[in-house]
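Novice: Under the numbering used here, the first residue of the sequence shown is numbered -15, with each subsequent residue one higher. Virtual Cβ for every residue (Gly too), placed ideally from N, Cα, C.
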Amino acid sequence: MATGLEPTDRTPAESGEHERFLAAGAIAQQVSQVLGTLTMLAVVTVLGRTLSLPEFGTYGLLVSFTVYLLLVQGSVEGAAVRAIAMAGEQPERDRAFSSALVLYVGAGVLTGSVIAGGGWLVVGAIGLSHALQADAHRAVLVLGAVSLVGWPMKAFQDVLRGAHLFVEAAAAEVVGYLAFGAGTIVLVALDAPLWLLIGVGGTVPALIGLAAGAFVRLKRLPYGFRRRSVQASSLRELTGLSTYLFAGGASDLVIYALDRVILGALRSAASVGLYEGPVRAHNLIRQLQGTLVATVLPAASRYLAQGDARRFRDLLLRGTRYVLAATLPVSVILMVLAKPILKVWLGAKFGAAAVALTVLVGYWLVNVNMSVGSPMLIAAGHARWLARYAWLVAALNLALSLLLTWWLGLNGVVLGTTVAYLVLFPVYLAKLVSTLPASPRALARAAWIPTYSTAAALAAILVAVRLLVPLHTVAAVLAVGLGGLLVYWGSFYVVWLAPGERLLVRDTARAAARRLTQLGRQAAARPNDSPSRLG
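Laid out in structure tokens, this is it:
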């Protein structure tokens, strides 16, 4: 095998300590994701109901520059977390942290310049009114400055994840999102100018980094910046992996951020405003799967270093199974209930974007199979191939979006994204099964048959409900949506989970609750602790 590991057909039935630890980390990430998503939904709802469509479209377009460049930030994150996770001795820890911090500083300077300079040019090209253009020009300068400061702070969250302190990393995200949400809503209440609202929209990474730094200090983790630890060899190693991850992450700018630019150039700012409804709902799936697999890269890297073939294979099969089970019902609910969700959430004017939401979310029915496999391919040394694949998808998406947007408008731009992913997914799957220790048959038996059959049943139930029950209120939509999740997960638990997996679910829930309680007690007992090494 390309991984250097020999596969095994055995899958453990017990709820082991290691499995519980990783699952508890994933659950903590989900708790942070739920709170973060609720915060973002509150912010988007307030803005969508307060701003005009052109203002809302301008907000979404400019803030998306920072959001999608954060996907590029993941290139440095992947290399940094891998290095920190594999560091055993103190000099190695200092070298990993110091090199990552230097790399983040350089990337922050570059990113801030791109946002300020590139954003200034984009603002002048999309036909905004004079007043909106003035606000937008101020906003891109603020966003550039915020990114320059916020990127280096990401190193502290990488320390938490690399040290396998996933609960603390999740708690830092909660603090950052809540601070952002509260600040934005207060500014809206104070009738703050649009440029300031947009500028605050780019502060989430800095706020999360500040909170993560506080946890690093609280836990007295042995990671500190040492100038002498920054060596050319360690920077080359980090930069080499980051370059390929950067290339893959940069493709997301073409796939997502340029969709807004294309729509604004070929249609109008109001069309971009309508696009914000589907894309924000779609981002829920992206964020959900992203937090579910936050533990995969450090875990896979450690398994490869230890030559643990059984756990490496189990991580792929069981990880894909659980990520599918977590995300498929959310995708199905968003697709079937697209129109009532948009109307009760953002208002009747967004009902026109219902087809776009259904189409855009549709590719996640298939693409979610990449969620676990991709970080495992990175751990196995195949980041370069992933970057080439990502740019192949981006190129096809760009061509289709340009062709279809002038013809179909909003529906055309989302078709370009969905068709590109669906057409090229078989290429990815062929690489996955030829590189990692799992066959299509094993994936079908462990993951695809249980999850997709249950999703099909849920879709049939929701279509029937949609036809028979009026869904005109928030309460009705929430009841059907949450009921659908409970039906799916309850059925999956009863029908498809083995006894050992059910035990894992129960043990993990208890372990996560204990860990969160312990973390809260530590924070309350030692609020003024200072670090021993960060000085």
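One question on the structure: do SER315 and GLY357 come within less than 9 angstroms of each other, judged by their Cβ atoms?
Specialist: What you label residue 315 is simply residue 331 of the sequence shown in a count that begins at 1. What you label residue 357 is simply residue 373 of the sequence shown in a count that begins at 1. The answer is no: Cβ separation not under 9 angstroms.
Novice: Specify the secondary structure class of HIS121 as computed by DSSP and reduced to three states.
Specialist: Position 137 of the sequence shown, counted from the start, is the residue given in the question as residue 121. DSSP places HIS121 in helix when its eight states are reduced to three.
Novice: If I measure Cβ to Cβ from VAL200 and keep anything under 6 angstroms in the same chain, skipping five residues before and after, which residues do I get?
Specialist: The residue labelled residue 200 in the question sits at position 216 within the sequence shown. These residues qualify, in order along the chain: PHE140 and VAL143.
Novice: With DSSP collapsed to three states, give me the class of ARG264.
Specialist: As a first step, residue 264 must be located in the sequence shown, where it is residue number 280. Reduced to three states, the DSSP call for ARG264 is helix.
Novice: Looking at the structure shown, is TRP480 part of a helix, part of a strand, or coil, going by DSSP?
Specialist: Here residue 480 corresponds to residue number 496 of the sequence shown, with the count starting at 1. Here TRP480 carries a coil assignment [DSSP, helix/strand/coil].
Novice: Does the separation of the CB atoms of TRP135 and THR168 fall below 9 angstroms?
Specialist: Position 151 of the sequence shown, counting from 1, holds the residue named residue 135. Position 184 of the sequence shown, counting from 1, holds the residue named residue 168. In this structure, THR168 does not lie closer than 9 angstroms to TRP135 by Cβ.
Novice: Ordered along the chain, which non-local residues of its own chain (more than five positions away) have a Cβ less than 7 angstroms from that of TRP375?
Specialist: Within the sequence shown, the letter at position 391 stands for residue 375. Here the set comprises ALA231 and SER235.
Novice: Alpha carbon to alpha carbon, how far is GLY108 from PRO282? Give it in angstroms, no decimals.
Specialist: Numbered from its first residue, the sequence shown carries residue 282 at position 298. Numbered from its first residue, the sequence shown carries residue 108 at position 124. So the two alpha carbons sit approximately 43 angstroms from each other.
Novice: Below 8 angstroms, can you find three or more Cβ-Cβ pairs linking the region 61 to 77 to the region 123 to 135?
Specialist: no
Novice: When the distance is taken between beta carbons, is GLY365 closer than 9 angstroms to SER385?
Specialist: What you label residue 385 is simply residue 401 of the sequence shown in a count that begins at 1. What you label residue 365 is simply residue 381 of the sequence shown in a count that begins at 1. No; because the gap between Cβ atoms is not below 9 angstroms, this pair is not in contact.
Novice: Considering only the alpha carbon of each residue, which of GLY62, VAL28, ALA100 and GLU61 lies closest to PHE49?
Specialist: Taking the sequence shown and counting its residues from 1, the one referred to as residue 49 is at position 65. The shortest C-alpha separation from PHE49 is found at ALA100.
Novice: Let me know the secondary structure DSSP gives THR34 once reduced to three states.
Specialist: Within the sequence shown, numbered from 1, the residue matching residue 34 stands at position 50. Looking at THR34 - three-state DSSP - the assignment turns out to be helix.
Novice: Quick test of your reading: PHE150 and ALA12, contact by CB under 8 angstroms. State the CB separation rounded to the nearest angstrom.
Specialist: Taking the sequence shown and counting its residues from 1, one reaches residue 150 at position 166. Taking the sequence shown and counting its residues from 1, one reaches residue 12 at position 28. The pair is a contact, with the Cβ atoms about 6 angstroms apart (cut-off 8 angstroms).
Novice: Using a Cβ-Cβ cutoff of less than 6 angstroms, which residues in the same chain neighbour PRO324 once the five nearest sequence positions on both sides are dropped?
Specialist: As a first step, residue 324 is located in the sequence shown; it is residue number 340 there, counting from the start. The answer, listed in chain order, is LEU455 and VAL461.
Novice: Taking a contact to mean a Cβ-Cβ separation below 9 angstroms, would you say LEU276 touches VAL307 in this structure?
Specialist: Numbered from 1 along the sequence shown, position 292 holds the residue referred to as residue 276. Numbered from 1 along the sequence shown, position 323 holds the residue referred to as residue 307. Yes.
Novice: Can you check whether the CB of PHE476 is closer than 9 angstroms to the CB of PRO424?
Specialist: As a working note, residue 424 is residue 440 in the sequence shown. As a working note, residue 476 is residue 492 in the sequence shown. No. Outside cutoff.
Novice: When we look at the beta-carbon of SER523 and count the other beta-carbons within 10 Å, is it buried (16 or more) or exposed?
Specialist: Any question about residue 523 goes unanswered here, given that the chain covers just -15 to 519.
Novice: In chain order, which alpha helix (DSSP H) runs of at least 4 residues are fully inside the region 142 to 187?
Specialist: Segments of the alpha helix (DSSP H) lying fully in the region 142 to 187: 150 to 173 and 178 to 184.
Novice: Can you tell me whether ARG372 is helix, strand or coil according to DSSP?
Specialist: Position 388 of the sequence shown, counted from the start, is the residue given in the question as residue 372. Reduced to three states, the DSSP call for ARG372 is helix.
Novice: Between the alpha carbons of GLY465 and LEU481, how many angstroms are there, rounded?
Specialist: Sequence index remark: in the sequence shown, residue 465 carries index 481 (1-based). Sequence index remark: in the sequence shown, residue 481 carries index 497 (1-based). Each residue's alpha carbon lies about 23 angstroms from the other.
Novice: Below 6 angstroms CB to CB, which residues in the same chain sit around LEU318 once its five sequence neighbours on both sides are set aside?
Specialist: Along the sequence shown, one-based indexing puts residue 318 at 334. Once the five neighbours on either side are set aside, the close Cβ partners of LEU318 are ALA265 and VAL345.
Novice: Does the pairing of the region 84 to 91 with the region 110 to 123 give three or more beta-carbon distances under 8 angstroms?
Specialist: Contact between the region 84 to 91 and the region 110 to 123 is absent: fewer than 3 CB-CB pairs across the two stretches fall below 8 angstroms.
Novice: What's the gap between the Cα of LEU416 and the Cα of LEU225?
Specialist: Start at 1 with the first residue of the sequence shown, and residue 416 comes out as number 432. Start at 1 with the first residue of the sequence shown, and residue 225 comes out as number 241. Approximately 19 angstroms between the Cα atoms of the pair.
Novice: In angstroms, rounded to a whole number, what distance separates the CA positions of ALA115 and LEU330?
Specialist: Translated into the one-based positions of the sequence shown, residue 115 becomes position 131. Translated into the one-based positions of the sequence shown, residue 330 becomes position 346. The straight-line gap from Cα to Cα measures roughly 25 angstroms.
Novice: In its own chain, which residues sit with a C-beta less than 8 angstroms from the C-beta of VAL352, not counting the 5 before and 5 after it?
Specialist: Position 368 of the sequence shown, counted from the start, is the residue given in the question as residue 352. Cβ within range, chain order: ILE269, GLN273, VAL307, LEU308, THR311, LEU312 and SER315.
Novice: Could you check what DSSP says for LEU112 in three-state terms: helix, strand or coil?
Specialist: For the purposes of this step, residue 112 is identified with residue 128 of the sequence shown, where counting begins at 1. Note: LEU112 maps to coil in three-state DSSP.
Novice: Enumerate in chain order the residues of its own chain whose CB-to-CB distance from LEU27 is below 6 angstroms, with the five nearest sequence positions on each side excluded.
Specialist: Here residue 27 corresponds to residue number 43 of the sequence shown, with the count starting at 1. In the sequence as presented, Leu is not what sits at residue 27; that position holds Val. Closer than 6 angstroms at the Cβ level, and outside the excluded window around VAL27, lie GLY165 and THR168.
Novice: Please list the terminal residues of the continuous alpha helix (DSSP H) segment that includes ASP243.
Specialist: The residue you call residue 243 lines up with position 259 of the sequence shown. 242 to 250 is the extent of the alpha helix (DSSP H) around ASP243.
Novice: Could you give the first and the last residue of the continuous alpha helix (DSSP H) run that contains ARG297?
Specialist: Taking the sequence shown and counting its residues from 1, one reaches residue 297 at position 313. It spans 293 to 320 - the alpha helix (DSSP H) in which ARG297 sits, taken as one unbroken run.
Novice: First and last residue of the alpha helix (DSSP H) that includes TYR412?
Specialist: Start at 1 with the first residue of the sequence shown, and residue 412 comes out as number 428. Residues 394 to 419.
Novice: Which of helix, strand or coil does DSSP assign to ASN544?
Specialist: In the structure as shown, the chain begins at -15 and stops at 519. Residue 544 is therefore absent and cannot be evaluated.
Novice: Could you check the C-alpha separation between ALA378 and LEU180 for me, to the nearest Å?
Specialist: Position 394 of the sequence shown, counted from the start, is the residue given in the question as residue 378. Position 196 of the sequence shown, counted from the start, is the residue given in the question as residue 180. Taking the straight line joining both Cα atoms gives about 32 angstroms.
Novice: Buried or exposed for SER217, going by 16 or more other Cβ atoms inside 10 Å?
Specialist: The sequence position of residue 217 within the sequence shown is 233, counting from 1. So SER217 ends up on the exposed side.
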